[in-house]
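Asker: In the working numbering, the protein residues as written are 11 to 511.
Sharing a structure with you now.
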């Protein structure tokens, strides 16, 4: 008798309903083992020691924004920084690592759901006529066997092992997202530092070239005085030595300047042979950077956020290790159709099914589970220590660069006075030399002092710009912890990040 298709699938739906009811009952009666997560406590100072008279940040400038480099108001820098987001290879590698962590999370998240498999088969078999027992009614029979089986397997998350495992990998994915933000900040900061160093060398080269022109005039003056019998040949050679030495210094600047240009090319994802950085001497001082409270640094630095997420992941792994003390509850079900003729394979009498529940627990393992728990707790302690060390390092970097920016600003003021005094001394020496009061050696000495002071002033300005960039980096740039994806497994793009496609 051929049963209606409605009856056949009604039986399958009834079996599936029983499976789902069993799963729901196990989930509802389960509990989650392991410690509840609390972020590690850290002691933040009330203010930065090196801030001094630094103007505190106002509510409207608490965050520099994602494009923090625009604070320097340099169009050439802005154009280069935009290319970092598109072509920087380190940034692409970090983005790939985030996608890898997100895919790993999705893999383990699949444990929340049953696994359904199927394995259709078709065989033709002949049974021996002489197999025991000799009176078997199947002796010598040749038959077909068509099977269309389905099976459902599920490991019930009774003790929260799956939930804790997914929680751990979700927090690792969040840490990877923070790592991506750290690389993003680092690449942009490296570009800004290299760019300002190149501009500082442009200013130094401009200074040396203008000095060369002055020394050429001085040499011409000495040659004319020598021709007129007023000056000696020694003074001519002294002037020539000063000129050629300065020319060599101006040429030597090109070595380091080329290296910074090549570094910028790599940061924007281009071969150095295909990139040129137009000379642009550095003249303007660095802008003011708003400084927030030290306690806010924990929310503003992506590397600190990544370390905290790894602490949370390690805490969840303690729960995973602890769940090993409890039995694994497995639920299995199978069903399908089997027939000797393919034409009757889907008939009611061909249906088959089974459902079962099992539990597997460990009675004795020579301390293996205890070792796993000890390992998980030690890993958690390690991550806590690494997080607190990262916070201390963050405070140190802010203090270092605050001190550098503040001290260099004061040094620049003093050095400017030295430049003015050296120029006055040089003017007086030239006047004395032209009047025949002193030798040209005094002029050379004054020239060397004036040039050295001017070069020092240019270098100080370059250092101020670089340390301002490093201060912004130490403060976390324009990043904020709210940029982390709350659910990385279903988030296509990081909030507030232009690093992802």
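In this text, a Cβ means the ideal position worked out from N, Cα and C, and glycines have one as well.
1) The beta strand (DSSP E) with residue 135 in it runs from where to where?
2) Can you name the start and end residues of the alpha helix (DSSP H) that residue 61 belongs to?
3) What first and last residue would you give for the alpha helix (DSSP H) that runs through residue 128?
4) Going by DSSP in three states, residue 420 sits in which element: helix, strand or coil?
5) Tell me the DSSP secondary structure of residue 69 in three-state form.
6) Among residues of its own chain, excluding the 5 on either side of residue 160, which ones have a beta-carbon nearer than 6 Å to its beta-carbon?
7) If you draw a straight line from the C-alpha of residue 386 to the C-alpha of residue 310, how long is it?
8) Do residue 213 and residue 468 count as a contact pair if the criterion is CB distance below 8 Å?
9) Thinking residue 472 and residue 207 are a contact (beta carbons under 8 Å), I'd like their distance in whole angstroms, please.
10) With which residues is residue 152 paired in a DSSP beta bridge?
11) Please classify residue 363: does DSSP put it in a helix, a strand, or coil?
12) Does DSSP put residue 274 in a helix, in a strand, or in coil?
13) Taking C-beta to C-beta, are residue 112 and residue 499 nearer than 8 Å?
14) Applying the 10 Å Cβ sphere with the 16-neighbour rule, what's the burial state of residue 123?
15) How big is the Cα-Cα spacing for residue 70 and residue 305?
16) Where residue 187 and residue 315 are concerned, what is the direct C-alpha to C-alpha distance, given to the nearest angstrom?
17) Keeping to the same chain, check which residues put their C-beta closer than 8 Å to that of residue 351; ignore five residues upstream and five downstream.
18) Looking at C-alpha atoms only, which residue of 453, 448 and 425 is the closest neighbour of residue 435?
19) Residue 245: buried (16+ other C-beta within 10 angstroms of its C-beta) or exposed?
20) Can you tell me whether DSSP reads residue 312 as helix, strand or coil?
21) Using DSSP with H/G/I as helix, E/B as strand and the rest coil, what is residue 96?
22) With DSSP run on the structure shown, which of helix, strand or coil describes residue 487?
23) Assuming contact is defined by CB atoms lying nearer than 8 Å, are residue 335 and residue 379 in contact in what I supplied?
24) Counting along the chain, where does the beta strand (DSSP E) carrying residue 343 start and finish?
25) Is the CB of residue 188 under 8 Å away from at least one CB in chain B?
26) Hey, could you find the ends of the alpha helix (DSSP H) residue 198 is sitting in?
27) Does the Cβ-Cβ distance between residue 263 and residue 211 come in under 8 Å?
28) Determine the burial state of residue 198: buried for a count of at least 16 other Cβ atoms within 10 Å of its Cβ, exposed for fewer.
29) Three-state secondary structure (DSSP) at residue 240?
30) Could you tell me whether the stretch 222 to 238 touches the stretch 288 to 305, using the rule of 3 or more Cβ pairs below 8 Å?
31) Check whether the Cβ atoms of residue 235 and residue 228 sit closer than 8 Å, and answer yes or no.
32) Quick one: what does DSSP say residue 83 is sitting in, helix, strand or coil?
33) DSSP state of residue 165, grouped into three classes?
34) Among 394, 480 and 402, which has the Cα closest to the Cα of residue 412?
35) Who are the near neighbours of residue 324 in its chain, counting only those whose CB is closer than 6 Å to its CB and skipping five residues on each side?
Answerer: On the basis of the supplied data:
1) Where residue 135 is concerned, the enclosing beta strand (DSSP E) stretches over 131 to 136.
2) No alpha helix (DSSP H) contains residue 61, which DSSP labels as neither H nor E.
3) No alpha helix (DSSP H) holds residue 128; the beta strand (DSSP E) holding it covers 125 to 128.
4) Here residue 420 sits in helix by DSSP.
5) Reliability of the predicted coordinates at residue 69 is poor, the pLDDT of 49 falling under 50, and the value obtained from them is presented with this limitation in mind. Judged by DSSP in its simplified three-state form, residue 69 adopts helix.
6) Answer for residue 160: 128, 345 and 346, listed in chain order.
7) Each residue's alpha carbon lies about 29 Å from the other.
8) Cβ distance < 8 Å, so residue 468 and residue 213 count as in contact.
9) At roughly 6 Å, the Cβ-Cβ gap stays under 8 Å, so residue 472 and residue 207 are in contact.
10) Residue pairing by DSSP places residue 152 opposite 136 in a beta bridge.
11) Residue 363 falls in the strand class under three-state DSSP.
12) The answer is helix: DSSP assigns residue 274 an H, G or I state.
13) Cβ distance < 8 Å, so residue 112 and residue 499 count as in contact.
14) The residue is exposed, with fewer than 16 neighbouring Cβ atoms inside 10 Å.
15) Summary for residue 70: the model assigns pLDDT 48, below 50, so the residue's position carries little reliability, and this model does not support an answer.
16) Rounded to whole angstroms, residue 187 and residue 315 show a C-alpha spacing of 10 Å.
17) The answer, listed in chain order, is 154 and 156.
18) Nearest option by C-alpha distance: 453.
19) Label assigned to residue 245: buried.
20) In the structure shown, residue 312 sits in a helix (DSSP, three-state: H, G or I).
21) Residue 96: helix per DSSP, three-state reduction.
22) Here residue 487 carries a coil assignment [DSSP, helix/strand/coil].
23) Yes, these two residues count as a Cβ contact at 8 Å.
24) Taken as a continuous stretch (DSSP letters only), the beta strand (DSSP E) holding residue 343 covers 338 to 349.
25) The question asks about chain B, but that chain is absent: this structure has only one protein chain.
26) Looking at the DSSP string, the run of the alpha helix (DSSP H) that includes residue 198 is 171 to 237.
27) Contact annotation: residue 263 and residue 211 have beta-carbon atoms nearer than 8 Å.
28) With a threshold of 16 other beta carbon atoms within 10 Å, residue 198 meets it and is buried.
29) DSSP places residue 240 in coil when its eight states are reduced to three.
30) Segments in contact, no.
31) Going by C-beta atoms, residue 235 is not nearer than 8 Å to residue 228.
32) Residue state, collapsed to three classes: coil.
33) Correct three-state label for residue 165: strand.
34) It is 480 whose Cα lies nearest to the Cα of residue 412.
35) Here the set comprises 389, 390 and 393.
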